[in-house]
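Notes follow the structure.
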Amino acid sequence: MSVLRQTILPARVVIVDDGSTDRSLRRVEEIVKTGVSLGVDCDVVSKSNGGASSARNVGVARLNTKYVAFLDADDEWDEHFLEKMCSLIQDFPNSVLYCLGHRVIVDDSESIDRDSGKMATRGKVENFFKSSISSSVANSSKVCVCKAALHKIGGFPEGVLLGEDLYVWIRLAMEGDVVSDSYVGAMVYRQASHRIRIKSRNLYSPFPLEYFRKRRSEIANYKWLATYLKIVGLKHFLPSVLEGDFRSATRRWAALWNIFPLFAVALLPSFLFIPIGYAFDKSRRISRQE
């Protein structure tokens, strides 16, 4: 409903029901009625479950606007979200990716502000990859993208289970300018059990690493991209080690090896900690059951 509480209303709202099995559609009906009363064109698309990328691509295909913003079902926009985005687009019309800050709310209580790049409070992000190492520049619920640029990179990669959003932000940053405003324009809700759900995807490595495995020569053309990709790989490899998941750690290490062999070799001693991680993770799960 936060989409319809904006100081500047959206030109069109597309809601994609990606095979929901709860009462989501009933809630959607209320949103559509509110939208119609406000003069907002609302479209509801129901489809079989195909994942986040599939849902976003279907939604984008239903839009005839030049720009598109996304909002995940569990998240909310601040009432000035679209106003801030319109201001950025007006001041930086040739950019491809527009970002605001966001607040992470855990279990409906704990909140942590994440800005859109600590290099500047508002304006062009001089190096998206360098800024993304130290701060959260882009997130699916706090960005607006140029639809033409999104089409140029082929949209969101379907069938991908890990890092699909990250891939899109990287590719867009390779295509053109990224601008940001650190104004907190989105609230991202998470549960403390989120880490457990993520473990179901442990057999996968981040899609950006898979993508650049066959395009290693392109990495050198973008300053800080290599460092950023190493950090992305490390952030997924180390949790697998600490959880004692040898299979997952091996797969994610291999993804790094395919692009950065020397860096991967330096990580080999980490495998010695897998038995310790396994024992600790097992002990933690037992204590939770008790």
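Positions 860 to 1149 (the working numbering) are the ones given, in order, by the sequence shown.
Using N, Cα and C, we set each Cβ at its ideal position, and we do this for glycine too.
The DSSP-derived three-state label of Val862 is helix.
At the C-beta level, Tyr957 and Cys1003 come within 8 Å of one another. Taking C-alpha positions only, Ser993 is separated from Leu1084 by approximately 13 Å.
Between the region 1016 to 1026 and the region 935 to 953, the count of C-beta pairs closer than 8 Å stays below three; the two stretches do not touch. Counting along the chain, no beta strand (DSSP E) covers His1010; the unbroken alpha helix (DSSP H) around it starts and ends at 1006 to 1011. Around the C-beta of Leu1025, 16 or more other C-beta atoms lie within 10 Å, and the residue is accordingly described as buried.
Looking at the DSSP output, Asp902 shares a beta bridge with Val873.
Here DSSP, grouped into helix, strand and coil, assigns Val1002 to strand. For Lys983, the secondary structure class from DSSP, reduced to helix, strand or coil, is strand. Of Phe988, Leu1093, Val904, Ala920, the smallest CA-CA separation from Arg1111 is found for Leu1093. Under the criterion of beta carbons closer than 8 Å, Phe1122 and Ala1108 do not qualify as touching, at roughly 15 Å. DSSP places Asp950 within a helical segment (H, G or I) once states are collapsed to three. When secondary structure is reduced to three states using DSSP, Trp936 falls in the strand class. Distance from the CA of Asn1080 to the CA of Ile1133, rounded to the nearest whole angstrom, comes to 36 Å.
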